[in-house]
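Visitor:
There are 2 protein chains.
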Amino acid sequence: MSVCELCTTEGGVPVVRHAEFRVIRAPDVSFPAFYRVVWNAHVAEWTDLAPPQRSLCMQAVAKVETVLREALRPTKINLASLGNVVPHLHWHVIARFDWDSHFPQPVWGPAQRAVDPPAAQRLPITLEALDARVAMALAAPAGD
Amino acid sequence: MSVCELCTTEGGVPVVRHAEFRVIRAPDVSFPAFYRVVWNAHVAEWTDLAPPQRSLCMQAVAKVETVLREALRPTKINLASLGNVVPHLHWHVIARFDWDSHFPQPVWGPAQRAVDPPAAQRLPITLEALDARVAMALAAPAGD
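In order, the protein sequence lines correspond to chains A and Z.
When the letters of the first sequence are read in order and numbered with our numbering, they come out as residues 1 to 144.
When the letters of the second sequence are read in order and numbered with our numbering, they come out as residues 1001 to 1144.
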């Protein structure tokens, strides 16, 4: 059995650290506003969590989604928990734009176009500022 | 502005009808155990719902996931709310198997292999029996 990469690495740029989960930003040139809520414990499925933990996890997903919507006004938010390759619970939260390389395809589908200048340069704020807004939103009390 | 197909059609085989959402089965030869929790009102994003509705929606997703896990013992569950093409809130709940046509790729990615006999014939129960189990699980009181 191979070592789980989400047990042994952060899995991306660390943005938020919580006792039960973390939020990282996936370094992806095509989809710069691509965050993941990673459950710290190694569980494969969302329903492996007890209902209160499921809710906590989804509250984090909702907070990241809300920041991306408010800061970037994306065409669409894409949410997914797949884990076919890395079966350690992680939720993708991705801001999608009608001009991005794959829209309206999922990020896992075929590319639709070349994007130049690169996607990160088209966002209204820097990724550092976006990370800071995500961190601030997640620092607010749960349930907000 | 075009007519929303999830406002005007069921969107698949009707399995559960609730005041605020419905569960349908997507007729997909490659992924027969493919359900969608469709919010009845036309909203684009999950966070367009108020927090209690978000929870209700995710409780339905969890119940479908639980039935698929118990009935089919899939390799992995895939959950997603994308809506790039049809921006009307719907959650995909898909049982994935290591032998399916796309595994470990997402269902939206490139096919990995041909599958014969067809996927539905490899499931331990019929789709009609699976639909019935989903319907029964969703009929239980919220929060179960």
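Every residue gets a Cβ at the ideal spot worked out from N, C-alpha and C, and that includes glycine.
1) Could you run through the region 36-57 of chain A and flag, in chain order, every residue whose CB is less than 9 Å away from some CB of chain Z?
2) Leaving out the 5 sequence neighbours to the left and right, which residues in its chain are closer than 6 Å to D144 (chain A) when beta-carbon positions are compared?
3) What does the Cβ neighbour count give for H102 (chain A), buried or exposed, with the cut at 16 atoms within 10 Å?
4) Using DSSP bridges, identify the partner residues of R1036 (chain Z).
5) Pick out whichever of A:T75, A:A95 and A:V43 has its Cα sitting closest to the Cα of V64 (chain A).
6) Are P14 (chain A) and N1084 (chain Z) close, meaning C-beta to C-beta below 8 Å?
7) Using a Cβ-Cβ distance under 8 Å, would T8 (chain A) count as near chain Z?
8) The alpha helix (DSSP H) spanning S55 (chain A) covers which residue range?
9) For the region 64-81 of chain A, which residues have a beta carbon sitting closer than 9 Å to at least one beta carbon of chain Z?
10) If you count every other CB in all the chains shown that lies within 10 Å of the CB of W1039 (chain Z), and 16 or more means buried, which is it?
11) For A1135 (chain Z), which residues of its own chain have a beta-carbon under 7 Å away from its beta-carbon, when the five flanking residues on both sides are left out?
12) Is the beta carbon of L68 (chain A) less than 8 Å from the beta carbon of A26 (chain A)?
13) Using a C-beta to C-beta distance shorter than 8 Å, which residues of chain Z count as neighbours of P32 (chain A)?
14) Rounded to whole angstroms, what's the CA-CA distance from Q1112 (chain Z) to G109 (chain A)? Just pull it up for me.
15) Between which two residues does the alpha helix (DSSP H) harbouring R133 (chain A) extend?
16) Measuring CA to CA, which of Z:E1070, Z:T1047 and Z:A1062 is closest to A60 (chain A)?
17) How far does the alpha helix (DSSP H) with L1006 (chain Z) in it reach, from first residue to last?
18) Mind checking who P14 (chain A) pairs with in its DSSP beta bridge?
19) Find the residues of chain A that neighbour Q1105 (chain Z), judging by a C-beta separation of less than 8 Å, and give them in chain order.
20) Verify whether the separation of the beta carbon atoms of Q1053 (chain Z) and E1005 (chain Z) is less than 8 Å.
21) P1087 (chain Z) touches chain A at which residues, Cβ-Cβ below 9 Å?
22) Could you spell out the range, first to last residue, of the alpha helix (DSSP H) harbouring A119 (chain A)?
23) Less than 8 Å between CB atoms is the rule here; does R122 (chain A) satisfy it with respect to chain Z?
24) Taking C-beta to C-beta, are S1030 (chain Z) and A1119 (chain Z) nearer than 8 Å?
25) Quick one: does A1062 (chain Z) have its CB under 8 Å from some CB of chain A?
26) Can you grab the Cα-Cα spacing for the pair L82 (chain A) / P117 (chain A), in whole Å?
27) Just to confirm before moving on: does the CB-CB distance between A71 (chain A) and R133 (chain A) stay below 8 Å?
Guide: Looking at the atomic coordinates:
1) A44, E45, W46, T47, P51, R54 and S55
2) Low per-residue confidence applies at D144 (chain A): pLDDT is 43, beneath 50, and the placement is therefore not dependable, though the value from the model is reported in the following sentence. Same-chain partners within the cutoff: there are none.
3) buried
4) Z:I1024 and Z:H1092
5) A:A95
6) no
7) no
8) P51 to L72
9) E65, T66, R69, T75, K76, I77, N78, L79, A80 and S81
10) buried
11) V1015 and V1016
12) no
13) Chain Z residues near P32 (chain A): none, gap ~17 Å exceeds 8 Å.
14) 13 Å
15) L127 to A139
16) Z:T1047
17) E1005 to T1008
18) A:I24
19) N84 and W108
20) no
21) T75 and K76
22) A119 to R122
23) no
24) yes
25) yes
26) 30 Å
27) yes
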